[in-house]
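J.:
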Amino acid sequence: MVCPACQLPLTGPEAVQLWQLDQQLASLQTERLALIGALRARGTTTVPAPSRLGSALPGPQTSDLQSAGPQDLGAAGTTGPAAPLSAPRRRWTTQQTLLAVGVLLVLVAASIALAFAWFVIGPYGQMVVMGGFTGLAVYSSLYVSRRALPSSAEALALVAAGLLLLDVSAARRFGLFGLDLVSGRGYTVVTGLLVATGLAALHRVDRRIAAYALTSLAAASVAWAGVVSFAHGPAGAASLALLGAAAFGAARVALPGSLGLTRRAAGGPASLWSAVALATAFVGALRDTRPERFGADIAGPTASGLACVAVLVALCVGGAFVVRSVVAVRAGVLGSRAAVRADWSARPVSGDWRAVTLVALVTTAAGPAAVLGLGSQVGPVGTALLSGLVAAVGAGLLALRPARQSLGDLWLLGQVAAGELVLVALAVLHHADVPTIATLVATATLAAAAAVLRPRWLVPAAGVSALALLFAVAVAGQLRSPGTQVVAVTAYAAVLSAFALARRGRPDEQTTGVVAALSFGLALAASTPLPDGYAAASLAVLAAAAAATAVLRPRLRPVAAGVSAVTGTSSLWLVGGLASPDVQWILLALAAALLATLAIWLRERPEEAVLAIVAGLVAVTTVTLALDRGWPHAASGSAATYGVLAVVYAALPHRRALAAVGVAGLTTAVWVELLEADVMRLEAYTLPCAALLLAAGLWSHRELGDGSWTVAGPALLVALVPSAAATAVSDDLPRALLTVTAAVAVLVVGAWRRWQALVVVGAAAAGLVAVTQLGPFTLHAPRFLTLGTLGVLLLMVGARYEQRRENARQALSWLSSLT
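When we follow the numbering used here, the leftmost residue of the sequence shown carries the number 25, and every step to the right adds one.
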């Protein structure tokens, strides 16, 4: 990195130290300006010249004060206040409140006296009296200021300014010297300038009284408002307002320094008049348009509208020059532009920066406002031509100006970008497709130039360029037909996807990819009201782009593979729907099988899980759709096929858990066929499923573990529990005998092999059958048998409890006998 001014290398620890010193200098300069402002606000006192008597007095003398530092002055016991570290915060004190109320009462009293005494002493006598009051107020303000009473002096100065304003207004109101014959606007201009001159002269007499300076500038602003009122139309008013801003700005530079605050504060009215010029010119540029048309789409501009645009351009150019000049001057004072930026950022709306900040805001808004005003003047085609011109200017600036991190360059290019965006919005508001396309292409060209010539802006510039071209393609495709629009946007999305894949590792890769995805979404949204073929084509292209992304971008492979699988399947579904429902279902079934095959082929890869999940969802959808359409054999066949594929998948290493999916598929196939054959026997449904579960458990016991619940538990539960439960609601004796026999056999085998699942399930099934078979006989048994059985059980429980208590007592006795 090299400094653009002195060509010094700005790298290394020395550059860091230089930057730190620069920041410290900026902070010190800011503190210095704050101290100066505090001293000016407080008012300086005149140091008396040394005399023989003063030289004889103890304490520091003049020569000592000149040679002593701040610490020596403090040690010498000076009575002056210590220098503040920052500008003191002004507070409204009790004294100022009293003075303000006094000013108000005096002005009201003078007004009442003027009203009553006017008819007694006549207008000329009143003029003399009020003039005397005004002169007395002026003299009093100057007198108390010399007595070091600044607040009182400011209050009396406001009284004097108010009385002077009252005198001037009353002179014309009551026709002194025939002034009532003068026009109001002309009288305002002349008297305002005279009052401003007089108040400025009073401030020059005593520069400690700020009220004279501020009221002088206010009177000058009122006078210039009278000048602006002579204008006819917004163009003239804006031009005069701009001229007023220039006049006050020139006063800020050209007035002598002896005028003090009058000169320094002239920038405030200048900035305010620039804001007035901006608002007036902007309203005039938008309002003054001619309804006539030149040709098909070109609106005719008016002289007033073009004049308003010229004022806006002058504001933009002149304001930029003013801000640049002020920054250059402040840089000379503070030492560097970095110090200026720090000072401006610290207090943008306070001190001397307030007017500069307002001018900067007006300048920034004037450029886009001028472009908007001119675009509204020239119509759609003119807007397109203007957009091309702005884009060419921006590209030229990018090519000719060096790539620097300068605020001026950034502001200039920002103005170009804002103007281009304004023209795009204006073309859209004109509802003209061809000019809109032209403005979008111009914007895309400008953004592409910025991406190429400014590598730091590559990411946002590439995104803006891609978005502008996307909307241009969409609007261009709509000119012919909605279908053409879908095809054009889909093709653009494919090209953009290929471009993003070709930019591997570049900063703009992700931005371009996001815009490509947005393009596909826009194409699908536009294809919604159209035939399914358009959506199918867009989905197919999206599936191909996602597949290419999965191959070329390993870190995006799972997501890209999932998108490709879903969109590809959706495309096949829509294509099949164009032919017939049978073809549609067949394509969906083939898609599920193909996805499952891909998952098997791509095992141990990141995309395997995504493809397997999508394949399962598509398979379930296929079977459900076949059942919904009344195709039981197709549903059974597809379920069996998917079950076999799942079994094949489970044969792979570390995939035994997928055997459950195979069992589900094959069981579904069997159940569908049984339902189609109207088979109602429960065991016809449970036993095939149990056999499949047992086979899967025995096949997977090495990988899933040798636990009995894993190997045989599910199969036994499915085989025995439903049949045992069915014996409670039916009188099927063969079912009960066969179920209890099978349960006892399972229980015996479990006890022999010490398998918990067989013991628990066999015992539970046998007990359930026994209880269900004993229940009917229990209800019809004699009452004494039931009561006797319960009594015997209670006696057995009581005797067992007593035996356990006796055993506990014997154990305690044995323990106590131990030594």
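Glycine is no exception: its CB is placed at the ideal position from the N, C-alpha and C atoms.
#1: Measure how close the beta-carbons of residue 844 and residue 309 come, nearest whole angstrom, since I'm counting them as under 8 Å.
#2: Which residues bound the alpha helix (DSSP H) around residue 581?
#3: Relative to the alpha-carbon of residue 438, which residue among 375, 450 and 481 has its alpha-carbon at the smallest distance?
#4: Excluding the 5 residues preceding and the 5 following residue 767 in the sequence, name in chain order all residues of the same chain whose CB lies nearer than 6 Å to its CB.
#5: Mind the definition here: the segment 394-412 touches the segment 439-456 only if three or more C-beta pairs lie below 8 Å; say whether that holds.
#6: If we count the other Cβ atoms within 10 Å of its Cβ and call it buried at 16 or more, is residue 227 buried or exposed?
#7: Taking C-alpha atoms, which residue in 636, 274, 701 and 652 lies nearest to residue 679?
#8: Evaluate residue 297 with the Cβ neighbour count: other Cβ atoms within 10 Å of its Cβ, from every protein chain shown; 16 or more gives buried, anything less gives exposed.
#9: Any idea if residue 44 is buried or exposed, counting beta-carbon neighbours within 10 angstroms, 16 or more meaning buried?
#10: According to DSSP, simplified to helix, strand and coil, what is residue 259?
#11: When you compare only the Cα positions, how much space is there between residue 696 and residue 544?
#12: What are the boundary residues of the alpha helix (DSSP H) that includes residue 245?
#13: Exposed or buried, which one is residue 403 when buried takes at least 16 other CB atoms within 10 Å?
#14: For residue 751, does the three-state DSSP call read helix, strand or coil?
#15: With contact counted as at least three CB pairs below 8 Å, one residue from each stretch, are the segment 560-577 and the segment 532-549 in contact?
#16: Roughly how many angstroms separate the alpha carbons of residue 183 and residue 219, rounded to a whole number?
#17: Among the candidates 408, 225, 634 and 424, whose CA atom is the shortest distance from the CA of residue 584?
#18: I'd like the span of the alpha helix (DSSP H) that includes residue 444, first residue to last.
#19: Could you check where the alpha helix (DSSP H) with residue 538 kicks off and where it finishes?
#20: Using 10 angstroms around the beta-carbon of residue 657, count the other beta-carbons present and answer buried if the total reaches 16, otherwise exposed.
#21: Any chance the segment 495-504 sits against the segment 451-466, with 3 or more Cβ pairs inside 8 Å?
#22: From residue 827 to residue 777, what does the alpha carbon distance come to, in whole angstroms?
#23: In three-state DSSP terms, what is residue 555?
#24: Taking the alpha carbon of residue 405 as the point to measure from, which residue in 382, 447 and 711 has its own alpha carbon closest?
#25: Can you list, in chain order, the residues of its chain whose CB lies under 8 Å from that of residue 187, leaving out five sequence neighbours each side?
#26: If you reduce the DSSP assignment to three classes, tell me which class residue 341 lands in.
#27: Out of curiosity, what's the CA-to-CA distance linking residue 392 and residue 431?
#28: Would DSSP call residue 404 helix, strand or coil?
#29: At what residues does the alpha helix (DSSP H) containing residue 215 begin and finish?
#30: In the DSSP assignment, the alpha helix (DSSP H) including residue 680 goes from what residue to what residue?
#31: Measuring CA to CA, which of 275, 749, 258 and 422 is closest to residue 244?
#32: Would you mind reading off the limits of the alpha helix (DSSP H) that contains residue 287?
#33: Tell me whether residue 744 sits in a helix, a strand or coil according to DSSP, three-state version.
#34: Counting pairs of Cβ atoms below 8 Å between the segment 592-601 and the segment 621-630, do you hit three or more?
#35: Under a three-way DSSP split, which group does residue 381 fall into?
#36: Go ahead and pull the three-state DSSP assignment for residue 376.
T.: Taking the coordinates as given:
#1: Because the chain spans 25 through 843 in this model, residue 844 falls outside it and cannot be assessed.
#2: 581-603
#3: 481
#4: 744, 786, 789 and 790
#5: yes
#6: A residue is called buried once 16 or more other Cβ atoms fall within 10 Å of its Cβ, and residue 227 is buried on that count.
#7: 636
#8: buried
#9: Taking a 10 Å sphere around the C-beta of residue 44, we find fewer than 16 other C-beta atoms and assign the residue as exposed.
#10: Residue 259 falls in the helix class under three-state DSSP.
#11: 41 Å
#12: 234-252
#13: With at least 16 other beta carbons inside 10 angstroms of its own, residue 403 counts as buried.
#14: coil
#15: yes
#16: 14 Å
#17: For residue 584, the nearest C-alpha among the options comes from 634.
#18: 431-453
#19: 533-550
#20: Note on residue 657: under 16 other CB atoms within 10 angstroms of its CB, so exposed under the neighbour-count rule.
#21: yes
#22: 36 Å
#23: coil
#24: 447
#25: 131, 134, 154, 157, 158 and 161
#26: helix
#27: 18 Å
#28: helix
#29: 208-229
#30: Run containing residue 680: none; DSSP gives neither H nor E here.
#31: 275
#32: Here the alpha helix (DSSP H) through residue 287 covers 285-288.
#33: helix
#34: no
#35: helix
#36: coil
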